[in-house]
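What follows is a short report on a single structure.
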């Protein structure tokens with residue numbers, strides 16, 4: 001039922017208390033949190049730094065704008081509506097296509113303009129934001145997912161989470177939504193987590209609900225064949241987020257666009273611990289290795305260092 | 001050695017050690033110099049009852065008479081005192097009264113009278129004087145009602161006491177008898193009506209007042225009892241319940257009839273009572289010492305008036321509740337909805353008793369969630385929505401109180417002790433959680449909160465912990481140190497051992 005805590009410590013599993021005290025509060029200055037908690041600010045920051053993000057169509061700041069929502073939406077094609085302060089994928093509405101005032105959701109459900117307006121006023125009222133503060137709704141261009149991941153995800157967005165510690169990528173996983181997770185990419189809701197090797201970008205191990213699995217539960221695709229293309233570039237992009245956000249312990253969420261390549265979806269100042277379960281590896285030895293580095297390196301050199309040394313035992 | 005001295009956390013550990021040491025030294029000092037035992041129940045218990053008299057003085061000579069209790073079965077008077085700046089005080093032994101007098105006073109005045117009783121198994125038999133019988137004339141239709149009741153009761157009884165027993169049975173259930181409810185319209189006090197009806201049957205009787213002893217209660221009122229006489233003996237009846245004898249945990253404030261409070265030279269007078277239970281050796285020893293120096297070391301909650309003491313009895317338990325929350329969240333890893341919401345719920349449980357509290361809480365939250373489900377369809381802004389939930393919670397609580405009272409469950413009235421704003425936020429959070437994460441997460445967090453509240457309740461009502469927190473101020477330092485130490489704990493949480501069990505094969 002319970003694991004022996006001394007064994008866990010020996011493997012180097014990071015626990016919640018230690019993460020909070022020794023990493024988050026030590027390496028992430030409180031003043032920088034608004035940068036990552038507000039997706040609008042993050043987008044601004046990353047755009048200035050020439051890091052690719054899903055492009056912004058418009059923003060809804062006030063309830064009165066909701067009445068003219070039709071002017072803020074693109075006239076054709078799909079888009080996504082997101083709360084600026086949402087967390088864990090809450091309140092994200094993805095519209096794949098539209099025709100004559102009917103909007104089709106990612107699961108095929110048709111929505112009217114009225115329903116979109118309702119969703120926007122919920123976002124503005126703070127339904128999805130931390131602590132229920134007033135929020136802003138972002139309307140973004142739809143990402144055209146790279147077809148190489150077809151069959152790995154059920155209905156939702158397959159995204160790649162990379163933990164960046166002091167600018168070095170130290171662990172990565174791919175999150176695949178399932179029927180059980182209702183198209184969401186949260187592991188605790190039943191999404192599949194696939195640990196990805198920092199060295200190669202290839203799948204190492206896959207879990208759902210904390211238990212190892214071999215095949216995607218809905219599509220039956222073999223998970224250990226998963227390989228992320230252009231891995232060096234993707235990791236460098238993630239590592240650069242550290243230089244611009246200055247958060248020492250950072251989770252970077254990335255998706256692959258068919259045309260543009262890797263896009264940074266969001267940054268997270270309190271990345272979760274399930275990535276360890278997905279990788280079947282503890283974070284602590286890797287954190288310790290990076291804490292010993294004194295040499296200043298640029299993003300590409302840090303990625304090269306991590307790819308060479310981080311998985312060496 | 002060098003390695004330990006350069007540890008950056010050294011000042012932190014030093015602080016914790018200093019706090020623990022201070023706590024221990026203070027506690028040992030209290031234990032030694034006041035002979036406060038480490039465990040509760042090592043000695044006799046006593047009750048302190050404080051009467052607080054308030055009135056508006058009108059600039060004339062003032063004279064206040066307050067009746068005071070004396071030795072009785074099971075209770076021995078061990079001390080009494082007053083606090084009343086500028087007033088002359090005398091204890092009138094014959095009338096069992098306390099008298100305050102002053103030549104001139106204006107504005108609002110507050111006087112305190114306090115008596116301490118020791119619980120003893122001894123029986124006391126104070127001499128009681130049989131009251132005079134007075135006959136009262138009734139107008140019609142009351143006269144007929146009185147006649148009917150008298151003849152009915154007379155039929156059903158054999159002697160004065162069985163007559164009284166039958167009469168109180170009728171009076172305590174006025175809805176059963178039209179005549180009684182008619183008379184209660186004219187004489188609203190059941191006790192007074194009983195005395196009038198008994199006198200009519202040539203049975204001597206009197207209204208006397210008693211107080212219910214419940215630890216930590218403030219602003220309590222006395223309740224009336226009726227003493228019924230045969231030729232030489234007397235028996236007490238409770239007119240509200242119809243039961244014979246003195247109710248459990250009650251103390252007679254008066255032995256014979258008379259006004260509780262008489263004020264001459266003042267307006268708007270009222271009296272209320274605070275009650276506190278204590279450990280006799282603590283009280284006696286502190287009393288002995290209180291004449292000596294009151295330095296910082298002797299700093300003691302016991303020097304406050306009783307009303308404030310009973311507030312502190314609860315306040316000093318809050319750190320214990322906070323410690324429980326720290327342990328369950330940091331060491332165990334339970335998820336709760338709202339960090340300290342469980343402590344507030346636990347405090348409500350202390351007022352309501354555990355089962356009533358749990359059932360009431362679940363009912364209110366459940367009905368609240370249903371209502372909130374409807375509100376979410378109205379597409380309201382957040383602040384209005386929560387305000388609407390607050391009003392719904394108040395409505396739910398009001399409806400439950402009325403229903404349970406009608407059904408005869410007075411326990412149900414205690415739901416009013418719940419902190420309503422906190423309940424509303426709980427409902428709002430649970431409802432959002434339900435929409436976003438599904439009912440499973442609501443069960444986890446709701447269950448976590450309730451479990452935390454119950455554990456906090458059990459800890460906070462534990463006799464030994466109440467004894468320690470109230471009598472040893474040093475314990476607070478130790479709790480403070482423990483909370484600081486937990487705040488620095490970087491080990492695994494108990495539930496993480498389960499979460500990460502796949503690593504150890």
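Residue numbers (UniProt numbering), protein chains in the order written: chain V, 1 to 313; chain P, 1 to 505.
Cβ coordinates follow ideal geometry from the N, Cα and C atoms, glycine included.
Model, not experiment: these values are computed from the prediction.
Since residue i and residue j should fall inside the 8 angstroms C-beta cutoff, what is the C-beta to C-beta distance between them, to a whole number of angstroms?
i, j, result
"residue 432/P", "residue 127/V", "7 angstroms"
"residue 448/P", "residue 334/P", "4 angstroms"
"residue 13/V", "residue 211/V", "With a Cβ gap of about 17 angstroms, residue 13/V and residue 211/V do not count as contacting."
"residue 33/V", "residue 165/V", "With a Cβ gap of about 17 angstroms, residue 33/V and residue 165/V do not count as contacting."
"residue 76/P", "residue 39/P", "That pair is no contact at about 24 angstroms."
Less than 8 angstroms between CB atoms is the rule here; does residue i satisfy it with respect to chain V?
i, result
"residue 330/P", "yes"
"residue 504/P", "yes"
"residue 278/P", "no"
"residue 387/P", "no"
"residue 339/P", "no"
"residue 496/P", "yes"
"residue 500/P", "yes"
"residue 489/P", "yes"
"residue 214/P", "no"
"residue 60/P", "no"
"residue 333/P", "yes"
"residue 493/P", "yes"
"residue 323/P", "no"
Where do the ends of the beta strand (DSSP E) carrying residue i lie?
i, result
"residue 95/V", "93-99"
"residue 457/P", "Unbroken run through residue 457/P is the alpha helix (DSSP H), 439-461; no beta strand (DSSP E)."
"residue 82/P", "75-83"
"residue 105/V", "102-105"
"residue 193/V", "192-196"
"residue 184/P", "From DSSP, residue 184/P is part of no beta strand (DSSP E) but of the alpha helix (DSSP H) over 178-186."
"residue 65/P", "62-67"
"residue 57/P", "45-58"
"residue 59/V", "56-60"
"residue 251/V", "249-257"
"residue 243/V", "That residue, residue 243/V, is in no beta strand (DSSP E); its alpha helix (DSSP H) goes 231-245."
Taking the alpha helix (DSSP H) that residue i belongs to, which residues open and close that run?
i, result
"residue 152/V", "Careful: residue 152/V lies outside any alpha helix (DSSP H) and carries neither H nor E."
"residue 170/P", "160-172"
"residue 37/V", "33-37"
"residue 377/P", "354-377"
"residue 477/P", "474-486"
"residue 262/V", "Segment 261-268 is the beta strand (DSSP E) holding residue 262/V; no alpha helix (DSSP H) there."
"residue 297/V", "Here residue 297/V belongs to no alpha helix (DSSP H), and DSSP marks it neither H nor E."
Assign residue i to one of three DSSP states: helix, strand, or coil.
i, result
"residue 244/P", "strand"
"residue 297/P", "Low confidence applies to residue 297/P: its pLDDT is 47, below 50, so where it sits in the model is not reliable, and the reading given next is rough at best. Coil, per DSSP."
"residue 305/V", "helix"
"residue 142/P", "helix"
"residue 117/V", "helix"
"residue 1/V", "coil"
"residue 310/V", "coil"
"residue 28/V", "coil"
"residue 290/P", "Residue placement at residue 290/P is poorly supported in this model, since its pLDDT is 49, which falls under 50; the coordinates still yield a value, given next. Of the three classes helix, strand and coil, the one that applies to residue 290/P here is coil, per DSSP."
"residue 13/V", "coil"
"residue 112/P", "strand"
"residue 100/P", "strand"
"residue 80/V", "strand"
Answer with yes or no whether the minimum CB distance from residue i to chain P is below 8 angstroms.
i, result
"residue 1/V", "yes"
"residue 107/V", "no"
"residue 67/V", "no"
"residue 210/V", "yes"
"residue 125/V", "yes"
"residue 174/V", "no"
"residue 171/V", "no"
(message) For the structure I just gave you, are there three or more beta carbon pairs, one from the segment 93-103 of chain P and one from the segment 218-237 of chain P, closer than 8 angstroms?
(response) no
(message) Could you check whether the segment 35-55 of chain V touches the segment 235-242 of chain V, counting it as contact only if at least three pairs of C-beta atoms, one from each stretch, sit closer than 8 angstroms?
(response) yes
(message) With a threshold of 8 angstroms, are at least 3 pairs of Cβ atoms found where one atom belongs to the segment 242-260 of chain P and the other to the segment 123-130 of chain P?
(response) yes
(message) For the structure I just gave you, are there three or more beta carbon pairs, one from the segment 17-24 of chain P and one from the segment 79-87 of chain P, closer than 8 angstroms?
(response) no
(request) Taking 8 angstroms as the threshold, find out whether the segment 172-182 of chain P comes into contact with the segment 202-213 of chain P through three or more Cβ pairs. (result) no
(message) Tell me whether the segment 51-64 of chain P and the segment 100-118 of chain P touch, counting them as touching only if at least three CB pairs, one residue from each stretch, are closer than 8 angstroms.
(response) yes
(message) I want to know whether the segment 188-205 of chain V touches the segment 162-180 of chain V - three or more CB-CB distances under 8 angstroms.
(response) yes
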